[in-house]
Every structure is written in structure tokens, then in C-alpha cells.
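**Q** Structure incoming, see below.
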Amino acid sequence: MKNITIILIYYSAAMVRRSLMAIGRRLARAGGIDNAEDIFFLIPDEVRKVYYNPEYHVLQEVVAERRKLWENWCTIEKAPFLGNVTVEEAMGVMMKAKDPMALKVNVGSVPVPKLELKADLYGVCGSPGVAEGIARVVLSENDLHSVQHGDILVAPYTSPAWTPVFAMLKGVGGRPRGQSFPCSYCWS
Numbered sequence: 630m631k632n633i634t635i636i637l638i639y640y641s642a643a644m645v646r647r648s649l650m651a652i653g654r655r656l657a658r659a660g661g662i663d664n665a666e667d668i669f670f671l672i673p674d675e676v677r678k679v680y681y682n683p684e685y686h687v688l689q690e691v692v693a694e695r696r697k698l699w700e701n702w703c704t705i706e707k708a709p710f711l712g713n714v715t716v717e718e719a720m721g722v723m724m725k726a727k728d729p730m731a732l733k734v735n736v737g738s739v740p741v742p743k744l745e746l747k748a749d750l751y752g753v754c755g756s757p758g759v760a761e762g763i764a765r766v767v768l769s770e771n772d773l774h775s776v777q778h779g780d781i782l783v784a785p786y787t788s789p790a791w792t793p794v795f796a797m798l799k800g801v802g803g804r805p806r807g808q809s810f811p812c813s814y815c816w817s
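See below:
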């Protein structure tokens, strides 16, 4: 069921993007924006306002200002949490809730290290088996090109869009962030 949900989410997003790109092409032809992709810098109310009479609206300045803000935002390193919440505080809130499903999904099982193995990483296995290979650290989708056949992917997160890469791997390891993290080996 989870895979069908993910497929529907991606399909819906693709259809919305396709529709917005068609509107963007219409606005660009009328001169309201420079490129069809500029549609993504407009808010829905602006799109509705200009849709029927795009030739009477010039939005290049609005798009340029928002593009500059977005490009600046892309250069800033983001914290893993919104606000000033530490990992310990977030865990404390979850523990107080005493919701077993939320704890299992968000926290997972607590790994028990076996010191006699002298392992570099330890955690809870997400699927059975043992794999050896080069640990390839991938911090974002921009690093996926470095993955080689037989590697063990180590990443802070994954995405269903990375699925084609998984066929090349012997294993996947990372910090679980909920049900959407397909992980063969999760460390703590």
C-alpha cells in the first residue's frame, strides 16, 4: 500500500507540474514572464489573476526578485529541524506522547552494539543478510553520480526517486527518518 501511495503522490505532482508548465508557456508567449519555468515563482493568486488576460500583466520583476531570494536560500546550509529544537528536545516530546507507533516509525529500534565485532558502524538491520563493499557517502542527489556497482550507500536520507540506483548497491545505510527511508542498515 505504501508504494502505491508514493506512486500516486509522484503522479499527482507530475500532473500538477505539467499543467503549470502549460500555463507558464502561455504566459511566456504573451510576454508576462520570460520562461515557462518562471511560473514556479508565482503564487496561485497571481496565476489566477493573469491567466485570462496574460498580455496585460508584466511579472518579470516579481519573478526576478523571488528567483534571487530562492538562489540565496539555496546557498544556506539548512538545519535538520525547524526552529530552535535540539534532537534531545524533539525526542523528549515524542517519548512523553507514549505513542508506540510514532516511536517505532520515527525512532526505530535501539541498536545493541557487539563490541567483540569491532565494527565501524552498528545499528538495526532493515533487511536480512550481510554485505561488504565500499561505503559511498552521498549527502544529496547531486552526489549520486559517484555511486558505483557494488557500493554500500551511506546517506542521511533517501528518496523514492533514487530507486534506480538501489539496483547497483549491495546495501544502504543511514539514519532512519520514518517509514519512507528504505534502509538495509541503519546506524545510530
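Sequential numbering of the sequence shown, starting at 630, is according to my numbering. From the three backbone atoms N, C-alpha and C, an ideal C-beta is built for every residue, glycine too. If you're wondering where the values come from, they're calculated on a predicted model, not measured in any experiment.
1) How is the beta strand (DSSP E) around residue 782 delimited, first residue to last?
2) Let me confirm a value: residue 765 is counted as buried when at least 16 other C-beta atoms fall within 10 Å, else exposed. Which label applies?
3) Tell me the rounded alpha-carbon separation between residue 687 and residue 681.
4) At which residue ranges does the region 647 to 713 contain complete beta strand (DSSP E) runs of 3 or more residues, listed in the order of the chain?
5) Using the three-state DSSP reduction, which class does residue 815 fall into: helix, strand or coil?
6) Ordered along the chain, which non-local residues of its own chain (more than five positions away) have a Cβ less than 7 Å from that of residue 635?
7) Pop quiz: residue 684 and residue 659 are said to be a contact at Cβ under 8 Å. What is the actual Cβ separation, rounded to whole angstroms?
8) Can you tell me whether residue 803 is helix, strand or coil according to DSSP?
9) Under a Cβ-count criterion, where at least 16 other Cβ atoms within 10 Å of its own Cβ denotes burial, should residue 761 be classed as buried or exposed?
10) Given a threshold of 16 other Cβ atoms within 10 Å of its Cβ, counted over all protein chains shown, does residue 772 qualify as buried or as exposed?
11) Within the continuous beta strand (DSSP E) that includes residue 759, where are the two ends?
12) Take the Cβ of residue 704 as the centre, count every other Cβ of all protein chains shown within 10 Å, and call the residue buried at 16 or more, exposed below.
13) For residue 780, I'd like the list of residues in its chain whose CB is within less than 8 Å of its CB, leaving aside the five on either flank, ordered along the chain.
14) When burial is assigned at 16 or more other CB atoms within 10 Å of the CB, is residue 651 buried or exposed?
**A** Taking the structure as given:
1) By 1-based counting over the sequence shown, the position of residue 782 is 153. Counting along the chain, the beta strand (DSSP E) containing residue 782 begins and ends at 781 to 784.
2) Here residue 765 corresponds to residue number 136 of the sequence shown, with the count starting at 1. Buried is the call here.
3) In the sequence shown, counting from the first residue as 1, residue 687 sits at position 58. In the sequence shown, counting from the first residue as 1, residue 681 sits at position 52. Residue 687 and residue 681: Cα-Cα distance of roughly 14 Å.
4) none
5) Counting from one through the sequence shown, the residue named residue 815 turns up at place 186. With a pLDDT of only 43 at residue 815, under the threshold of 50, the placement of this residue in the model should not be trusted, and no figure is reported.
6) What you label residue 635 is simply residue 6 of the sequence shown in a count that begins at 1. For residue 635, where only same-chain residues beyond five positions count, the Cβ hits under 7 Å are 789.
7) Taking the first residue of the sequence shown as position 1, residue 684 is located at position 55. Taking the first residue of the sequence shown as position 1, residue 659 is located at position 30. 5 Å between Cβ atoms; contact.
8) Numbered from its first residue, the sequence shown carries residue 803 at position 174. Here residue 803 sits in strand by DSSP.
9) By 1-based counting over the sequence shown, the position of residue 761 is 132. Looking at its Cβ environment, which holds fewer than 16 other Cβ atoms inside 10 Å, residue 761 is exposed.
10) Mapped onto the sequence shown, residue 772 falls at position 143. Classification of residue 772: exposed, given that the 10 Å Cβ count is below 16.
11) One-based indexing of the sequence shown puts residue 759 at position 130. Looking at the DSSP string, residue 759 is not in any beta strand (DSSP E), and its letter there is neither H nor E.
12) To locate residue 704, count along the sequence shown from 1; it is residue 75. Flag for residue 704 reads exposed.
13) Within the sequence shown, the letter at position 151 stands for residue 780. Only residues of its own chain outside the window of five on either side were considered, and among them 762, 763, 764, 765, 797, 798 and 799 have a CB closer than 8 Å to the CB of residue 780, listed in chain order.
14) Translated into positions along the sequence shown, residue 651 becomes position 22. Taking all protein chains in view, the Cβ of residue 651 is surrounded by fewer than 16 other Cβ atoms within 10 Å, so the residue is classified as exposed.
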